[in-house]
Amino acid sequence: MALPAPLVPLHEATLIDEAAVLLGQDLGVLMENAGAAIAREAQQLAPDGTILVACGPSNNGGDGYVCARLLAQSGRRVQVWPVVKPRSELCEAQAQRLPSSVELLTAVPGEPPALLIDAVLGAGMRGRPREPIASGLVALKALACKILAADVPSGLGSDLCLPATLTVCLQVAKLELLRQSGIGEFKTVDIGVLPAAYQDVQPTCFRRFPPLKRTGHKGTHGELLVVGGGVFPGALELACRAAVMTGCDLVRAWTGEGPKLPPTVVYHRQFNRTLSPADPEELTPLLVRASAVLIGNGLGREPGCHEAAQQAFSLAVEMGVPVIVDADAIAALTDQLRNLPDGDAHILITPHRTEARNLLGMPIDEETLHGFARPDRVLLAKAVVDLISDGWRWQRNPRGNPRMAVGGTGDVLAGLAAGLMARGASPFDAARMAALWITSAADQLWQEQGPCYDAESVLERLPATLRSLLAPLGMWPPMVG
């Protein structure tokens, strides 16, 4: 069985477009394909009568102009109302190609058309539309005719939403359509976007890297609590050092006795070699301060360790603190993770193949992993090809090399994901950024040194790799005013 087609949130559409361009695709060609697909659906939905195309200022409007041109060329009577004049170059270019037979309007027509094609906002929308689009949507809704939405209904999620009879999702279905009442059927059409643009982790995901604020102070950029160490202190140290690399302001470690940690890590020790459940009055204040908690690195499986992980996990979930579960904590928390009630928790689990099989309690493949994942229980399943899933959408990361099996790289990966979540990234975004970041660094080392590198070498390569990922996006250094 193949994985089901992913359902992506609206904000993912711009990343997919950008990834397609980086993969060598022409957005103009994709726009032509989109307009043609919408035109075909329009012909079926309204075999005769006038078709009104309402266009917005960006690329969704460009799709509408292509559709209007093709419908007019097929002999249909077409009206176009530019609710807002074109602003993007592609939209303007398509508006200029309208044939003379298309009637350009300056307002909604006096008589309702047989069909309204909504190409006003598309997936690039955010929040309740503002004027003059808001008034335009009110006027269009008042026509009370059949509506075909291009990609998503304009005003989706607000009182201004145009109630589409049919929504034609371009290339990938949009998750928000499942959560919105009052709209009709939706279908997905292929417009030629390369599957890798949305099925593989692409560098454009680093658009989600949380920038640092120029006016920030200690704590502004997140605090991470790492629960582990004791038995394997090196794993704890690697995870903590990786988290610091994400720009996280403060990394704390709840751990047992062991060697000195780097001065960048604030440690809170129990006075025995292994962790055991803590006095809630000691642990709770650390969780109150934390913007995320990572559990498991170097934890071990000796008496008390599992109970300590269970205590930290339960307290964090109860307090609404995002949690990353890695290494020995996966075994310790198997029952809690399997039986987690549906909710709004922010949990990322990072198992390798054996840990994933034990967690699910069955043989694993991509389908079973995707079936276990949920928006509140995201999986980053580490393998030759990593799989990241939240149960609705999924992406693969095909990068990496055999030397990444060396001890400690999994701890670095967990630390990166945890630091990014502490800084405000969603579990899915944190997982794919961390996976791309560490495998890119490791692949550079592999090309230079073959097997002659270790987890510390990867740590040392992370800063340069981050720059190589952010600079092409115009995000280096990653700072906002």
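The numbering of the sequence shown is our numbering, which starts it at -10 and goes up by one. We put the CB at the ideal spot given by N, CA and C, even for glycine.
For residue i, which residues from the same chain have a beta carbon less than 7 Å from its beta carbon, with the 5 sequence-adjacent residues on both sides left out?
i	result
Trp383	Leu(-8), Pro(-5), His359, Leu376 and Ile377
Thr95	none
Arg450	Ala430, Gln433 and Leu434
Gly247	Gly218, Gly219 and Pro222
Thr263	Gly219, Val220, Gly245, Gly289, Glu291, Gly293 and Cys294
Ser90	Ala61
So, with DSSP's three-state summary, where would you put residue i?
i	result
Ala431	helix
Asp37	coil
Thr193	helix
Cys80	helix
Ile122	helix
Val240	strand
Cys158	strand
Asp52	helix
Trp465	coil
Gln14	coil
Pro391	helix
Ser446	helix
Arg456	helix
Ile319	helix
Val374	coil
Lys135	coil
Ile353	coil
Gln384	strand
Leu225	helix
Would you mind giving the Cβ-Cβ distance between residue i and residue j, rounded to the nearest angstrom? I have them listed as a contact below 8 Å.
i	j	result
Val67	Ile40	5 Å
Gly17	Ala108	Actually they do not touch by this definition, with Cβ atoms about 16 Å apart.
Arg392	Tyr442	6 Å
Val367	Phe417	5 Å
Ala281	Val306	About 12 Å separates the two Cβ atoms, so there is no contact after all.
Pro199	Gly413	5 Å
Gln160	Val182	4 Å
Please say whether residue j and residue i have beta carbons closer to each other than 8 Å?
i	j	result
Asn386	Arg421	yes
Leu283	Val215	yes
Leu349	Thr343	no
Ile180	Ala23	yes
Ala112	Asp148	no
Ile313	Ala407	yes
Gln83	Val127	no
Lys163	Val(-3)	yes
Ile122	Val42	no
Ser143	Leu132	no
Ile336	Ile319	no
Ala424	Leu369	yes
Val72	Leu87	no
Asp324	Gly285	no
Leu137	Glu30	yes
Gln299	Ala321	yes
Leu455	Ile427	no
Lys202	Val469	yes
Ala228	Ala403	yes
For residue i, which residues in the same chain have their Cβ closer than 6 Å to its Cβ, ignoring the five residues on either side in sequence?
i	result
Val233	Val240 and Thr253
Thr193	Leu4, Glu7 and Ala8
Lys135	Leu104 and Thr154
Ala279	Glu212, Leu214 and Val310
Ser77	Ser47 and Asn48
Gly51	Met20, Leu79, Cys80 and Gln83
Count the other CB atoms within 10 Å of the CB of residue i; is the residue buried (16 or more) or exposed (fewer)?
i	result
Ser170	exposed
Gly396	exposed
Cys237	buried
Gln436	exposed
Gln33	exposed
Glu212	buried
Met351	exposed
Lys371	buried
Glu100	exposed
Arg168	exposed
Met20	buried
Pro75	buried
Ala295	A small fix is needed here, since residue 295 is His in this sequence, not Ala. Label assigned to His295: buried.
Trp465	exposed
Pro364	buried
Ala394	exposed
Ala186	buried
Gly13	exposed
Met482	What is shown of the chain runs -10 to 470, which leaves residue 482 out entirely.
Gly206	The sequence shown places His at residue 206, not Gly. With fewer than 16 Cβ atoms within 10 Å of its Cβ, His206 is classed as exposed.
Arg119	exposed
To which residues of the same chain is residue i closer than 8 Å at the C-beta, ignoring the five residues directly before and after it?
i	result
Gly439	Arg392
Cys158	Asp140, Val141, Leu166, Phe175, Lys176, Thr177 and Val178
Met114	Leu(-1), Val141, Ser143, Gly144 and Leu145
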